[in-house]
Structure formats: C-alpha cells, structure tokens
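See below for the structure under consideration.
Numbering (this note's numbering), first residue to last: 438 to 700.
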C-alpha cells in the first residue's frame, strides 16, 4: 500500500491539496488542524482593489464588492479562486504577505483610493502596516475566523498510530502548533519519528521545532524540510512522488484519501 501523507490545512483548500497529493501516488490523510468560518463583511466604501492573504476570505467578498474590483491575491491558487468567484481581474503574488505588499506597490497607486484588506480574525496586522508604510489607505475587515480543531479525525489518528503516515504537510505556524498539541494530547507524539515534516515557510518550521517560547518541546520528526518558496507548488515539489510500496506493485485502484466519507 502507498504511504500516507498527513494534510493539516483546512477547507477551503484541503480537498484540492488532497487530490494533488494523491496524484503523486501518496495516500492523503486528512487532518485539518483549524476550522474556518466565514464572517460576512457587508458593504464597504469604494476601494481601488481588494487584498487577499488567504482564499478563505473569498466567500465574504460576495455582496461586499462589485465583481469588477481588482484583486491582489497571496498566490496563484487564491487568485484562481477569486476569478472563479466572479473577480476576473485577479493577480497573484509569490505566496506570502511581503510579496503581496510588493505587488500592490507595483500595480496600485496610493492616490487612487483605499484598499480593502480582507483577512482572518486576528490576522493581517503586519500586512496592513506594510501597505500603510507604502502610502496606502487600508480598510481592514474580518472575512473569516479560525479556531483550532479540538481533535484530529479518527481515521487520521489510526493511520498515525499504525505507522501508515510517512510525510506531513504544514501550511501555517498556527496549524503546526495545533497538530503538535493534539498529537501530544492523545499520546501519539512518538509517531513523529517516522514522519518527514514539510513546512511551507521558515516560520512554520520554527513552530514545528517548538522554537517560540511557550510552544513546548518539539516532536522528534524523522525529517524537517522547508519549501524553497512559500507556495503550495513548491511544498508539493518538496514532497515529490511517493516511494514504491514494499512489494513494488502499485495499488491499481489508486490512493484513496483517509478521513473522507465513501461515496
């Protein structure tokens, strides 16, 4: 059987990532560490563009902005999702907040009007400060709230306990810390020794290493690597194709996600 890859990101995005992981020959093990809930932001004053540091903010834009409003998105996947949601003029940054602010400086004019920064509750302060330092007026709105999961799915816990997970994808420092907490809580911290942890950025790797004061001791990962760029393509490139099964015979039915209902 193909090895499992733990996917810790929440929806929106979990299912799409799982499909790409399966295409690489891994068994996707669904383990969302955060639960996101949209927050309606309501109408906003006229803006020259919307700034999206996460695809999770897109549902809140419906009814808040005209469909022709330009959008600057943190990465290509978020830009594509914005286009699909009715914002055809959507450009992509290089995957992090710094590149998003830099993109705004290239494509937008501080004198042309304010920007809407649609971010998660408690997020976006550094990005707003960066944009303001570049001369932009920023209207910040909470577009969603993120809560840490109280437990990982039972199917994911079984896969971890049985040693069927060989790799794990981590997309944010908060989700990384949440997974560490949840694994320790159920006595599965030792499972990390057989898992190669793949981090989207250096900050995510720091969370996995327990570097920040108060994070608690790190788990002993079987490996810890950081994507060369803070985007999903780079992270999946780091993951690479699944190694051959011990028998050397691929599963003809293809890898099926662990943790997703049948049907």
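In this text, a Cβ means the ideal position worked out from N, Cα and C, and glycines have one as well.
Same chain, Cβ closer than 7 Å to residue 682, neighbours up to 5 away in sequence not counted: Within the chain shown, the letter at position 245 stands for residue 682. Counting only Cβ-Cβ distances below 7 Å, and skipping sequence neighbours, we find 438, 439.
Measuring only the C-alpha atoms, how far is residue 671 from residue 616? Counted from its first residue, the chain shown places residue 671 at position 234. Counted from its first residue, the chain shown places residue 616 at position 179. Distance between the alpha carbons of residue 671 and residue 616 is about 22 Å.
Give, in chain order, every unbroken run of the beta strand (DSSP E) that is at least 3 residues long and sits entirely within the segment 562–619. 575–585, 602–607
Integer-rounded CB distance, given that residue 459 should sit under 8 Å from residue 443: Within the chain shown, residue 443 is the residue found at index 6, counting from 1. Within the chain shown, residue 459 is the residue found at index 22, counting from 1. Rounded, the Cβ-Cβ distance is 13 Å, inconsistent with contact.
Taking the C-alpha atoms as reference points, what is the distance between residue 737 and residue 495? Outside the modelled stretch of the chain, which goes from 438 to 700, sits residue 737, for which no answer is possible.
Can the beta-carbon of residue 472 be found less than 8 Å from the beta-carbon of residue 566? To locate residue 472, count along the chain shown from 1; it is residue 35. To locate residue 566, count along the chain shown from 1; it is residue 129. Not closer than 8 Å, so no.
Neighbourhood of residue 414 by C-beta distance below 6 Å, restricted to the same chain and skipping five residues each side: In the structure as shown, the chain starts at 438 and stops at 700, and residue 414 therefore has no counterpart that could be examined.
How long is the line joining the alpha carbons of residue 632 and residue 606, rounded to whole angstroms? The sequence position of residue 632 within the chain shown is 195, counting from 1. The sequence position of residue 606 within the chain shown is 169, counting from 1. When rounded, the distance between both Cα atoms is 10 Å.
Helix, strand or coil: which one does DSSP assign to residue 626? For the purposes of this step, residue 626 is taken as residue 189 along the chain shown, with counting starting at 1. The answer is helix: DSSP assigns residue 626 an H, G or I state.
DSSP puts residue 527 in a beta bridge; with which residues? Locating residue 527 in the chain shown gives position 90, counting from the first residue. DSSP output for residue 527 lists 508 as bridge partner(s).
Report yes if the C-beta distance between residue 492 and residue 449 is below 8 Å; otherwise report no. The count along the chain shown starts at 1 and reaches residue 492 at position 55. The count along the chain shown starts at 1 and reaches residue 449 at position 12. Cβ distance < 8 Å, so residue 492 and residue 449 count as in contact.
By how many angstroms is the C-alpha of residue 441 removed from the C-alpha of residue 603? Taking the chain shown and counting its residues from 1, the one referred to as residue 603 is at position 166. Taking the chain shown and counting its residues from 1, the one referred to as residue 441 is at position 4. Whole-angstrom Cα-Cα distance: 6 Å.
Is there contact between the segment 575–583 and the segment 505–515, where contact requires at least three CB pairs shorter than 8 Å? no
If you compare alpha carbons, which of 522, 571, 520 is closest to residue 540? The residue given as residue 540 occupies position 103 in the chain shown. That would be 571, whose Cα lies nearest to the Cα of residue 540.
Please return the same chain residues whose Cβ sits closer than 6 Å to the Cβ of residue 527, not counting the five positions on each side in sequence. Residue 527 sits at position 90 when you count from the first residue of the chain shown. The answer, listed in chain order, is 508, 510, 516, 519, 520.
Do residue 485 and residue 537 have their C-beta atoms closer together than 8 Å? Position 48 of the chain shown, counted from the first residue, corresponds to residue 485. Position 100 of the chain shown, counted from the first residue, corresponds to residue 537. No, the Cβ-Cβ distance between residue 485 and residue 537 is not below 8 Å.
Tell me the DSSP secondary structure of residue 559 in three-state form. Working through the chain shown from its first residue, we reach residue 559 at position 122. In this structure, residue 559 counts as coil in the three-state DSSP scheme.
Kindly indicate which three-state DSSP category residue 545 falls into: helix, strand or coil? Stepping through the chain shown from its first residue, residue 545 is reached at position 108. Residue 545 falls in the coil class under three-state DSSP.
State buried or exposed for residue 447, treating a residue as buried only when at least 16 other CB atoms are found within 10 Å of its CB. For the purposes of this step, residue 447 is identified with residue 10 of the chain shown, where counting begins at 1. Buried: at least 16 other Cβ atoms inside 10 Å.
My understanding is that residue 589 touches residue 635, with C-beta atoms under 8 Å, so please give their C-beta distance in whole angstroms. Translated into positions along the chain shown, residue 589 becomes position 152. Translated into positions along the chain shown, residue 635 becomes position 198. About 17 Å; that fails the 8 Å criterion.
Exposed unless 16 or more other CB atoms sit within 10 angstroms - verdict on residue 454: The sequence position of residue 454 within the chain shown is 17, counting from 1. Flag for residue 454 reads buried.
By how many angstroms is the C-alpha of residue 503 removed from the C-alpha of residue 478? The residue you call residue 478 lines up with position 41 of the chain shown. The residue you call residue 503 lines up with position 66 of the chain shown. In a straight line, the C-alpha of residue 478 is about 14 Å away from that of residue 503.
Which residues mark the beginning and the end of the beta strand (DSSP E) in which residue 487 is found? Stepping through the chain shown from its first residue, residue 487 is reached at position 50. Residues 486–489.
Residue 481 - containing beta strand (DSSP E), residue span: Along the chain shown, one-based indexing puts residue 481 at 44. Per DSSP, residue 481 belongs to no beta strand (DSSP E) and is neither H nor E.
What's the C-alpha gap between residue 462 and residue 608? Here residue 462 is taken as the residue at index 25 of the chain shown, counted from 1. Here residue 608 is taken as the residue at index 171 of the chain shown, counted from 1. Going from the Cα of residue 462 to the Cα of residue 608 covers about 20 Å.
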